[in-house]
Amino acid sequence: MKARTRNSSLTNALQILKSFNLEQPEWSLREIAANQNISISTAHRLLKTLEEENFIIHEKQHYKLGTSILRFTNIFIDDLDVLKGMTPYLKSLTKKTGQSAHIAMLSGKEVLYLKKEDGLIQVPLKSHIGRRNPFYATSSGQVIVAFMPDDQRLALLQQTQFINFTTATLTTIEQYERSFQQIRQQGVAISREELHMQFMSIAAPIFNKQNEVVASVSIAGKVKALQPNEKTFTLSVKQTAEMITQFIQKYRAGSPNDIFNK
Amino acid sequence: MTSSINNKTNLSSVKNALRLLRLYRTDRAELGITDIAKLLDLPKSTVHRLVQELVNEGFLIKRSHTNKYRLGLSILTLGGIIHIQYEIYKEAHPKVEHLSNFFGQVVNLCLIENKKIVYFLQCIPHVQTEISTAMGFTKDVHCTAEGQVILAHQHVSIINQYVQLPLKKYTPFTHIGEALRQQLENIYKQGFAITEHTYSIGYISFAYPIRDYTGSVVSAITLIAHESTISTEDYTVILEELKNAAAEISELLGYYS
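Each protein sequence line maps, in turn, to chains A and B. Positions 1 to 262 (the numbering used here) are the ones given, in order, by the first sequence. Positions 1001 to 1257 (the numbering used here) are the ones given, in order, by the second sequence.
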């Protein structure tokens, strides 16, 4: 007998929703049950309830997220005018570099993309608003963690199990601490092929009024497009981060829409 | 085995939590425990428990200075995954935007999901919107031109299923039952749909079907206008432009007529 989880039905239902991702946007009933460690009949009942409320749809034997969930994203983003205010900075960064630009923040052990501006050249880079990546394998995550207070940073590193995505991925705390020190000195993180081969990204930190690192701005693209322009691109990313930092710090304090300042 | 009563309670907590999330709107982005309890007609203690679990899983965030809750980052992630599924329609965006600006009307792309029309792309005239608050919005299929035009092109067994559903008569002009079936047949023959006052009095919508590479009608393009903003002479040119746009978007999806 397989041990069953003790999660409540609600927690199981929410975790089922969260199990949909770009790598696996569709699941079979059997896969969902196995992944959640619940019985097939329980999974079926939960999915049926999720479907009744339009959170999930099923076609033939496969389940996927319902389109009406888009409504929530819109409520979420519409409410964050602090994010909207960053659009011109991100657009100008894309214009200067030709690469896609992102605003990201840390959410648990993952870096979460809040905003994206598509580059002029289409590259098969799977990023989208709301996408999550492991913080340690991307420049946007590394630069945030590098500037975190020592105790928080070390605690996060100690809790992380590093996965070798490529031969370039660092895998020990010592390696990251050395790399983070360099990131702090230079004010920028540059990641080469640590998550995907042939891809590279450059990220700089964004600070709130309390001078805490809250987000990052980054560009990402093919190594062959970024590497030859590394110096000028790095400068552009750093300047953009400084402008966004100023923008955030001036943003009206205590606004309910502000997720960055305290 | 757990008792069936227990299962029922557990499922109702799932249902209540999903309904709780649905309470959020762009003009109601923050809710307190009391607000939620009132809106859902549930005891505060129950709401408290639901909210706690939703917070734990990142579906809600507590705003420390107001003690109210707003949608959390998990929601953002889910929406992003859906967005990417519509990547195929990305190139259609400029066309929809152009039509919207040209006529000064709202133009949408939508499809049928779970027996409802769902809007996944919307352009409002002369407003550059990355996202529109109406995206993800659902409506009944039978009361809109966009719903009817998609439905009219489905297999007769699907049409029969719909027509037999207990459908709501939104206005005296909403067709249901046999009248609806007749209307769907006409729409199929003429290849497009126009509905007047069938969802809301004063509103007229025009819709053309979009086909994918298999030739199946998978979505629709629709222009929705208030009657005071257009005259009947405009109908021809609106239909002409929608027809062209639908053909171009179908081509993007790999359909060649």
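Just so you know, even glycine gets a beta-carbon here, dropped at the ideal spot from N, CA and C.
Sub-8 angstroms separation of residue i and residue j beta-carbons
i, j, result
"B/S1013", "A/L10", "yes"
"B/Q1148", "B/T1195", "yes"
"A/A137", "A/F165", "yes"
"A/K238", "A/A204", "yes"
"B/I1082", "A/L65", "yes"
"A/S201", "A/I219", "yes"
"B/E1241", "B/L1031", "no"
"A/K84", "A/E117", "no"
"A/F247", "A/M86", "yes"
"B/L1076", "A/I129", "yes"
"A/E194", "A/A168", "yes"
"A/G98", "A/G119", "yes"
"B/C1180", "B/V1156", "Rather than Cys, the amino acid found at residue 1180 of chain B in this sequence is Leu. No, the Cβ-Cβ distance between B/L1180 and B/V1156 is not below 8 angstroms."
"B/T1232", "B/T1198", "no"
"B/L1184", "B/A1145", "no"
"B/A1246", "B/I1221", "yes"
"B/A1029", "A/I69", "no"
"B/N1010", "B/L1042", "no"
"B/A1225", "B/I1204", "yes"
Assumed close pair residue i, residue j - CB separation to whole angstroms, cut-off 8 angstroms
i, j, result
"A/V188", "A/I144", "Actually they do not touch by this definition, with Cβ atoms about 12 angstroms apart."
"A/V213", "A/F147", "4 angstroms"
"B/V1217", "B/I1150", "6 angstroms"
"A/T73", "B/G1079", "3 angstroms"
"B/F1206", "B/I1238", "5 angstroms"
"B/F1137", "B/L1223", "Not a contact, Cβ separation roughly 16 angstroms."
"B/K1168", "B/D1140", "6 angstroms"
"B/V1047", "B/L1054", "With 8 angstroms as the limit, B/V1047 and B/L1054 do not qualify as a contact, their Cβ atoms being about 10 angstroms apart."
"A/T245", "A/I206", "5 angstroms"
"B/N1101", "B/H1065", "So it is not a contact: roughly 41 angstroms between Cβ atoms."
Cα-Cα separation between residue i and residue j, rounded to whole angstroms
i, j, result
"A/F298", "A/K95", "Given that chain A is displayed from residue 1 to residue 262, the structure contains no residue 298 of chain A and the question cannot be resolved."
"A/S223", "B/L1165", "One point to set straight first is that residue 223 of chain A is Val, not Ser, in the sequence displayed. Taking the straight line joining both Cα atoms gives about 56 angstroms."
"B/G1208", "B/I1187", "A quick correction: the sequence has Tyr, not Gly, at residue 1208 of chain B. In a straight line, the C-alpha of B/Y1208 is about 10 angstroms away from that of B/I1187."
"A/K18", "B/K1068", "23 angstroms"
"A/P149", "B/L1252", "50 angstroms"
"B/Q1182", "B/A1193", "13 angstroms"
"A/I103", "A/M243", "13 angstroms"
"B/L1018", "B/S1219", "27 angstroms"
"A/T240", "A/A101", "10 angstroms"
"A/I40", "B/E1057", "22 angstroms"
"B/I981", "B/H1142", "As shown, chain B starts at 1001 and ends at 1257. That puts residue 981 of chain B outside it, with no answer to give."
"A/E23", "A/T67", "18 angstroms"
"B/G1254", "B/V1096", "18 angstroms"
"B/I1033", "A/K115", "30 angstroms"
"A/L29", "A/N208", "44 angstroms"
"A/T171", "A/S107", "20 angstroms"
"A/E26", "A/Q185", "44 angstroms"
"B/I1249", "B/G1191", "16 angstroms"
"B/S1074", "A/P134", "15 angstroms"
"A/N257", "B/R1025", "With a pLDDT of 47 at A/N257, under the threshold of 50, the modelled position of this residue cannot be trusted, and the question is left open."
"A/Q61", "A/I163", "32 angstroms"
"B/I1005", "B/E1178", "Summary for B/I1005: the model assigns pLDDT 45, below 50, so the residue's position carries little reliability, and this model does not support an answer."
Residue i beta carbon near the ligand ATP (any heavy atom closer than 7 angstroms)
i, result
"B/Q1164", "As presented, the structure is devoid of all ligands, the ligand ATP included, so that no description of it is given."
Legend entry - Validate contact between the region 14–29 of chain A and the region 45–61 of chain A using beta carbons, cut 8 angstroms, 3 pairs: yes
Inset, instruction - Tell me the start and end of each unbroken beta strand (DSSP E) in the region 90–160 of chain A that is at least 3 residues and wholly inside, in chain order. - result: 100–107, 110–117 and 132–134
Inset, instruction - Would you mind listing the beta strand (DSSP E) stretches within the region 188–238 of chain A that are 3+ residues and don't spill past its ends, in chain order? - result: 189–192, 199–207 and 213–222
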